[in-house]
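First the structure, in the form of structure tokens, and then the observations on it.
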Amino acid sequence: MEDYSILNDLVSMKSQPSRIMAMGVGGAGGNAIEHMWKMQIEGVNLAACNTDQDDLDKLHIAAENRVLLGSDGLGAGNNAEVGAEQATVSLDKVRDLLRARGTEMLFLTAGMGGGTGTGATPVIAELAHEMEILTVAIVTTPPSNDGPHRTAQATAGIEKLRKYVDAIIILSNDAINQLYGDLPVEQSFERANDVVAFAAKGIAEIITHKSNLVNVDFADVCTVMRGSGSAIMGVATETGEDRAEKVIDKILTSPLFGNVSISGSRNVLVNISVSSSDGLTLNEAHRVRDRVQHHAKSEDENGNVRLTNIIWGMSIKPNLAEDEMEVVVVATGFQNDNLARPIVIKNVPEPEVVPVVVASKVGNSVEQEEVSSLPKYRPAPAPITRPSRNFAEIEECKRTPAYIAHGITLTTAVKAHQVAGVEKEQPNKEPDMPALF
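Going by this note's numbering, the sequence shown opens with residue 1234, and the numbers climb by one from there.
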């Protein structure tokens, strides 16, 4: 087992007032916080609340930042109501922790569907709301094969949570599995922790990172996140000459985005990071911003284009490779608040196959031929709003001539005539045919 004792002492010494706190609620939330601790996230107080004392004791964060919800320490038994009750009786301890650390922005991380995370997170969010703390929830939904009870419990918990947080980012475990593929159970859990940790870390370090070329301050983040409701967050790295375009397309086509578009968002926060100050030109930064604007702008019913408010910054991260560019995108303020609800891909029945028969006349007889089989009805689509399309694919389509795209072959009408006993091809002198274009 790895020895974290020295780092644990350092973290305890660093448990000082900071305007940002990341708090894990329940087992999954605590695991995400432990992951952030191993990543050595800077300028953020790490805390955890749980009804299970054993789970709290396993964490390496400062002991004073661990809060036992309830009194027996035996867990919530997968019952969200029990989790909410135990959080309610322990709210004074949570309030004291938030005040002692001078918290002005709170990230709540939890796995929805179980007892503590589902029940206690809305209770803590309500407390933070009353304390006027900017609160962002980053939660995961259970895999679809966990069964209807956990899915229903997760949905109810998210609906309660949405009432009290300024912004909510919902990460689907199914989407995480799709992103990373089939992994052993332990690695799958680690990847989920990675995603939750990077979401909180990506937003927090925009404010706390010391090596900023173009600064994004706390007020900027408040502008984007305060009262925004739905939020979509992505982070990616890319290399190469066209990395500015590739990194944005990579973020917006990620399964974690839930196959939705950022078109129509009121505010987008963008932070670009490179390894050194000479690794990024202003023109390249503008290309990143322009790419985001291309995807985020929208049109009203009269055809008027509405541009999105983009707040952007640039920072130095020496741990990045020399040619790497890392970009964090946070989009908020969607008119359609359904983005804040978990995406559920429903299984649809196999469509009934009906043969398609084409009749053709050959001489005096009619022949029938079965050329294909088509579904009698189209399967119901998954309830995913505003599907996005890869920008590069659209640009390629725009550059392709129509006659190539439609497979049209251009030919010139000719006729043969005899010249000195040799058959030659000459352009047809008959009346001109109408031009194709």
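Beta carbons are placed, not taken as given, at the ideal position from N, Cα and C, and that holds for glycine.
Distance from the Cα of K1271 is smallest, within the candidate group S1494, K1434 and D1482, for K1434. The beta carbon of L1324 lies closer than 6 Å to those of L1360 in the same chain, with the five residues before and after it left out. By the Cβ-count criterion, A1452 is exposed, with fewer than 16 other Cβ atoms from all chains shown falling within 10 Å of its own Cβ. Taking a C-beta distance under 7 Å as the contact criterion, V1369 and F1340 qualify as a contact pair. Taking C-beta atoms as the reference points, D1288 and G1260 count as a pair closer than 7 Å. The secondary-structure analysis by DSSP pairs I1402 across a beta bridge with I1371. In the DSSP assignment, N1500 falls within the beta strand (DSSP E) that extends over N1500 to V1507. Collapsing the DSSP output to three states places E1297 in a helix.
The three-state reading of DSSP puts N1542 in strand, counting E and B together. Contact between the region 1294-1302 and the region 1390-1403 is not established, with fewer than three Cβ pairs separated by less than 8 Å. Within the same chain, Cβ atoms closer than 6 Å to the Cβ of N1542 are found at N1500, the five residues on either side in sequence being excluded.
The C-alpha of G1536 is placed about 14 Å away from the C-alpha of S1496. In this structure E1275 is exposed. Its beta-carbon is surrounded by fewer than 16 other beta-carbon atoms within 10 angstroms. About 12 Å separates the beta carbon of I1403 from that of V1428, a gap too long to meet the 8 Å contact definition.
Around the beta carbon of D1329, fewer than 16 other beta carbons lie within 10 angstroms, which makes this residue exposed. In the three-state reduction of the DSSP assignment, D1285 falls in the strand class, which pools E and B. When rounded, the separation of the alpha-carbon atoms in D1305 and G1352 is 17 Å. Cβ-Cβ distances below 6 Å link C1282 to V1258, V1300 and L1302 in the same chain, with the five nearest sequence neighbours on each side left out; the list follows chain order.
For F1451, the enclosing alpha helix (DSSP H) has its first and last residue at F1451 to M1458.
Secondary structure of E1532 (DSSP, three-state): strand. Sequence-distant partners of S1509 (beyond 5 residues in either direction) whose C-beta falls short of 8 Å from its own C-beta, in its chain, are I1549, P1551 and E1555.
In this chain, the alpha helix (DSSP H) harbouring T1388 covers P1381 to R1395. Residue pairing from DSSP leaves L1324 without any beta-bridge partner. Assignment of beta-bridge partners to L1339 by DSSP yields M1254 and T1368. Burial of H1528 is indicated by the presence of at least 16 other C-beta atoms within 10 angstroms of its C-beta. The alpha-carbon separation between L1515 and N1378 amounts to approximately 47 Å.
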